[in-house]
Structures are given as C-alpha cells and as structure tokens.
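Here's the structure we're looking at; comments come further down.
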Amino acid sequence: MLPDQHMHTARCQHAHGQPREYAEHAVACGLDRITFTDHGPLGGFDPGNRMALAELPAYVDDVLEVADSFKDKLTVGLGIEIDWIPELADFNRRITEAADWDLVLGSVHFVGPADMREFIIRCDPSREPHILEAYWKHWVEAAESGLFQVMSHPDIYRRATRAPLPGEHELACRALDRARETGVAIECNTSLVRKGGGSFYPQDWLLEEVLKRDFLLSSAADAHRPHQVGADFDLLEGLQTSDERARFSWFRQRQALPA
Ligand SMILES: [Zn+2]
Ligand SMILES: [Zn+2]
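Take a look at the structure:
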C-alpha cells in the first residue's frame, strides 16, 4: 500500500488518540509505512490547535518511541505540518531545523493581513472572492520558501464550497507553474472525501494540472482519529495504477524516494 504521510495526535488539541493507536490502526489495515505530521507551534499564534513550542521535544520523543516499538511491522516517519505565515518565516525555519524530520508539510490554513488573519476552512471563496487570491499568493510563497518538501491539501478551500470559483483556474495554474520550479511535491489528501467533498484534494481538474506538470505526489489521509489512517486510499491507489504520471513518493530524511 501507499504510505500515509499526514496524521495528527491529541497533542494538537483538536485530534484524538495517541501515536501508538495510530500505528496500531495502520498495521491493522495493512500499511507498512506512516509518517506523523502533527501541527507545529506557530510563535504563539492559534495556540488552541497545535502543540506549544515547549512540547516539541516530547512530540519527537513520542514518535521515535513508537517508531522503535513498531519497527518489525511498520516504518514510522517523523514529520511536522507547518502553517505558512509570512511574518513567521524565521520562526518556522527554526522549527524545520529543530529535529531530524523525515517530512515537513507546508500548509496554508490562514490568509489575510496579520491583524485580520482568516482561517481558510471557515471562509467560502464563492462569497468572498478575495480569499482565493490571497490563498494562492500565500501558497506560492510557501512553496518558494524552501521550507517544505510537500504542499498539503492544495485546494483546502474546497472544503467550504464546490461552487465554480471565477479566476480559480488561472490563479492555481500560475501558482503551480512557479511551484514546479522549486521541486516541492503535491499532496493527494483524502480528508475531503470524509468531509463529503466528492473527491480528494486536489479536485479533479487541479489534479490534472498537477500531473501535466510532472510534480511528485504524496499520499495522505490527514487522520485526526486513529481509525482514519489510510482512509480512502483505494482512490489514490487507483490513480497510481491508472495514470503513469502519478509518481507517489515516500519521504525519508526530507528526500523523496519512489513510494
Ligand atoms: Zn488538524
Ligand atoms: Zn494536517
């Protein structure tokens, strides 16, 4: 099976379960590789949805301990998901240097100027078109920052709406053209399926634009509960077998290996 390279634990305060429970579920559903990527600290911003900076060493220890105790049946990677916020680039760079991460995921959950930051999954870009432009601007900055190996859920705003969004195609394609130059990989994230989105992120036409540009891909369920590990991976495996452009990668020590 493809590896699941995006999952959270109770440490971020909005997911449930301990690392060991996620690993147990992974083994039960036949996975042989997973990577923990809990939400990293963000310089004191959004403290209720992530670990505090002081907890980072304990998070690393938890993951390494599970990696060791499951090593005969499961390879466990150490990763982290970091929110791109331009003013926090230096803080985030230090987080990327704070441990021997296998994978650093780049996400854009927040858009807008510093004093009126908006949480993208609470925004509906079909009603607030400025959100879409701000989102893709942040997204390409994140891709070009060099901090991340993978850009997570590239069209996360699709959680709020499936309506056509004027300008989306052009904004996304321009961002992909720039990101392609950086070598960053794109995540195929099945959490949208669980949220009733009808497909995984990226949505179909965006996936086609990604494949056309020959990006590497990463497979992810973005589990926030142990039973969600590997959820809906039949869709990703179907893509892998039906489209030879779909090159999924497994990240070790921030290097992409064929999955
Ligand atoms: Zn989360
Ligand atoms: Zn996540």
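The sequence shown runs 159 to 417 under the working numbering. For each residue, glycine too, the CB sits at the ideal point set by N, CA and C.
Residue i, buried or exposed, once every other Cβ within 10 Å from all chains shown has been counted against 16
i: Asp380; result: buried
i: Trp363; result: exposed
i: Arg285; result: exposed
i: Gly198; result: buried
i: Thr399; result: exposed
i: Phe391; result: buried
i: Phe306; result: buried
i: Asp248; result: exposed
i: Pro205; result: exposed
i: Asp313; result: buried
i: His327; result: exposed
i: Phe358; result: buried
i: Cys281; result: buried
i: Ala210; result: exposed
i: Ala181; result: buried
i: Ala186; result: exposed
Residue i versus residue j - alpha carbon distance
i: Pro246; j: Val266; result: The sequence shown places Leu at residue 246, not Pro. Using only the alpha carbons, I get a separation of about 13 Å.
i: Ala256; j: Val342; result: 21 Å
i: Val224; j: Val262; result: 19 Å
i: Cys170; j: Glu239; result: 11 Å
i: Ala389; j: Thr348; result: 7 Å
i: Gly304; j: Asn250; result: 11 Å
i: His288; j: Phe228; result: 46 Å
i: Pro360; j: Gly396; result: 15 Å
i: His422; j: Asn207; result: Only positions 159 to 417 of the chain appear in the structure, and residue 422 is not among them; the question remains open.
i: Gly215; j: Asp258; result: At residue 215 the sequence reads Pro, which differs from the Gly that was named. If you take the alpha carbons of Pro215 and Asp258, they lie about 11 Å apart.
i: Thr193; j: Tyr217; result: 13 Å
i: Leu369; j: Glu402; result: 9 Å
i: Arg191; j: Arg178; result: 14 Å
i: Pro416; j: Phe373; result: 13 Å
i: Val351; j: Leu394; result: 12 Å
i: Glu302; j: Arg317; result: 25 Å
i: Glu339; j: Trp294; result: 16 Å
i: Glu291; j: Leu334; result: 14 Å
i: Gly325; j: Met309; result: 21 Å
i: Asp230; j: Gln176; result: 19 Å
i: Ala168; j: Ala330; result: 33 Å
Beta bridge counterpart(s) of residue i as assigned by DSSP
i: Ser265; result: Asp241
i: Met99; result: As shown, the chain starts at 159 and ends at 417. That puts residue 99 outside it, with no answer to give.
i: Phe406; result: Leu375
i: Ile279; result: Per DSSP, none; premise fails for Ile279.
i: Glu236; result: At residue 236 the sequence reads Leu, which differs from the Glu that was named. Leu236 pairs with Phe194.
i: Ala381; result: Met165
i: Tyr359; result: Asn347
i: Gln398; result: Answer is none; Gln398 lacks a bridge partner.
i: Gln413; result: Arg410
heavy atom of ligand 1 below 7 Å from residue i C-beta
i: Ala150; result: This structure cannot speak to residue 150, because the chain is shown only from 159 to 417.
i: Cys281; result: no
i: His174; result: no
i: His327; result: no
i: His164; result: no
i: His385; result: no
i: His311; result: no
i: His197; result: yes
i: Cys170; result: yes
Residue i beta carbon near ligand 2 (any heavy atom closer than 7 Å)
i: Glu239; result: yes
i: Thr233; result: no
i: Asp471; result: The displayed coordinates of the chain run from 159 to 417. Any statement about residue 471 would go beyond what the structure contains.
i: Thr193; result: no
i: Asp380; result: yes
Cβ separation of residue i and residue j, assumed to be a contact under 8 Å, to the nearest whole Å
i: Val221; j: Leu236; result: 5 Å
i: Phe203; j: Ile243; result: 7 Å
i: Pro283; j: Thr319; result: 7 Å
i: Ala300; j: Gly270; result: Not quite, the Cβ-Cβ distance comes to about 15 Å (not below 8 Å), so this is no contact.
i: Pro384; j: His164; result: Going by Cβ atoms, the distance from Pro384 to His164 rounds to 14 Å, so no, they are not a contact pair.
i: Ser377; j: Asp162; result: 7 Å
i: Phe409; j: Asp260; result: 5 Å
i: Leu189; j: Val387; result: 7 Å
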